[in-house]
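Q: Just dropping this structure here.
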Amino acid sequence: QRPPRRGNRHRWMAPHGVFECRRPGDWLAIAVASDRQWMEFAALAGRSELGADPRYASVVGRLAHEDEVEAIVREWLAKHDAHNAMLALQSHGIAAGEVLSAKGMHEDPHLRARDFFVTLDHPSAGTHDYPGLPLKFSGTLPVFLADAPRLGEHNKRILQALLDYDDARVSALEAAGVITHRPPV
């Protein structure tokens, strides 16, 4: 039997999901993993009474009232921007992460400090920062063996190695426009 679809919800954490914040397009991922964390959230939200409310005081209760719990989270986040809410939640021991755009990731001081981005020089695209590997291991540096291939760069090698095409057949495919190494004009 297939498990039910849960979306961003979790089997044993509540609230758990991605929620929109004050500014449209700003989102925050939150995972409340314990009853203590829920009490911390309730206090942070200025709603300490929710920490003792029998509907929400235990994870079982929060899971049973998940729509209400998520409405409480949305109400609080509607007053905050994602970054500041993330920092506030994290300072209270609650897992929270701002959902960043590509530009936001590129400008993120934490990712910069962790050397997440790798500067590569591509023969066609030039020198740019690219996302690196999310995990780092001591004593094992990541190696980037090749640039991203250019359009059609490996056509001949692949057609000859995998399909045993000869030069004439590859040239015929190029002449017919089936394969190319430049974008159409």
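With the first letter of the sequence shown counted as 1, position 136 gets the number 162 in my numbering; the numbers rise by one all the way through. Glycine is no exception: its CB is placed at the ideal position from the N, C-alpha and C atoms.
1. Give the range of the beta strand (DSSP E) segment to which residue 143 is assigned.
2. How big is the Cα-Cα spacing for residue 78 and residue 141?
3. Assign residue 5 to one of three DSSP states: helix, strand, or coil.
4. I'd like the list of long-range same chain contacts for residue 148, defined as Cβ closer than 8 Å, with 5 residues on each side in sequence excluded.
5. Tell me, please, whether the segment 81-91 touches the segment 110-130 by the rule of three or more beta-carbon pairs shorter than 8 Å.
6. Quick one: grab the DSSP three-state call for residue 152.
7. Residue 92: which of 40, 84 and 100 sits nearest, CA to CA?
8. State the DSSP-derived secondary structure class of residue 98, mapped to helix, strand or coil.
A: Taking the geometry as given:
1. Position 117 of the sequence shown, counted from the start, is the residue given in the question as residue 143. That run of the beta strand (DSSP E) goes 143-148.
2. Translated into the one-based positions of the sequence shown, residue 78 becomes position 52. Translated into the one-based positions of the sequence shown, residue 141 becomes position 115. Cα-Cα distance, rounded: 43 Å.
3. Given a span of 27 to 211 for the chain in the structure shown, any question on residue 5 remains unanswerable.
4. By one-based count along the sequence shown, residue 148 stands at place 122. Result list for residue 148: 154, 173 and 174, in chain order.
5. no
6. Working through the sequence shown from its first residue, we reach residue 152 at position 126. Three-state DSSP puts residue 152 in a strand.
7. Reading the sequence shown from its first residue, position 66 is the one you call residue 92. Comparing Cα-Cα distances from residue 92 to each of 40, 84 and 100, the minimum goes to 40.
8. Residue mapping note: residue 98 aligns to position 72 of the sequence shown, counting from 1. Three-state DSSP puts residue 98 in a helix.
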